[in-house]
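Just so you know, the sequence shown maps onto residues 1 to 186 in UniProt numbering. Ideal placement from N, C-alpha and C gives every residue a C-beta, glycine not left out. Keep in mind it's a predicted model, so treat the numbers as computed, not measured. One structure is given here, and the rest of the page talks about it.
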Amino acid sequence: MNKTRFLFIPHPLSFISMKLVAELNQKKHTVQITRGDGLNLTAEIDGRVYELEASEPEPNVYLFKHANRIYQIFVSPNEKSGESYQASVGNYDYEIKIIDPKRLRGSGASAGQAEGASEIKTAMPGKVVRVLTEVGADVKTGDGVIIVEAMKMQNEMKSPKDGTVKEIRYPEGATVNAGDILAVIE
């Protein structure tokens, strides 16, 4: 059993279903996680399916039970990069970057080449903890626009294209729902 298979779950008990891409030590993996009854969840990672029992006994500490084995994982933001997480399993440390496909899509045009307005939407419910720019500011593809905290993790929502910030729809401290438009870039 490869212990690294269970490092991609930001908070296993706060969602119904989530699909994302996780970069582990610079290799990308597709991940689909579906919450079941109680503490049970199903994780599909690169096409392989795992039935897990998950819990968070304390902040940033996760326990996963699979095939009568228990894996304890410590997860914390990587202070050096600001965009990734450090996960420790036993004597092993891993750097993980979570990439939310919905956040990167913009309006459907390719990043940096989109014409017209592109919307930055939240993929899951959360709270706006910081607005990084202002209406009228010029941004480049990948520039941070707004930070949303969801499932005890902060996610920087980035511009899908070069352009100008036309709207910031939520102030710091606002609660947002999945699919809400946070900002518009033209």
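### Task
Classify P171 as buried or exposed, calling it buried when 16 or more other Cβ atoms lie within 10 Å of its own Cβ.
Label assigned to P171: exposed.
### Query
In angstroms, rounded to a whole number, what distance separates the CA positions of A150 and D46?
Computed Cα separation, rounded: 24 angstroms.
### Task
Tell me Y62's beta-bridge partners as DSSP assigns them.
According to DSSP, which records beta bridges pairwise, Y62 is partnered with I73.
### Query
Taking the C-alpha atoms as reference points, what is the distance between D138 and V131?
Whole-angstrom Cα-Cα distance: 14 angstroms.
### Message
Measuring only the C-alpha atoms, how far is K65 from P59?
### Response
Going by the C-alpha atoms only, they are around 18 angstroms apart.
### Query
Just the Cα atoms here: how many angstroms apart are N177 and V89?
One C-alpha to the other measures close to 32 angstroms.
### Query
What three-state label does DSSP hand residue 267 in the structure shown?
In the structure displayed, the chain extends from 1 to 186; residue 267 sits before or after that span and is not available.
### Message
Can you tell me whether R35 is helix, strand or coil according to DSSP?
### Response
Strand at R35.
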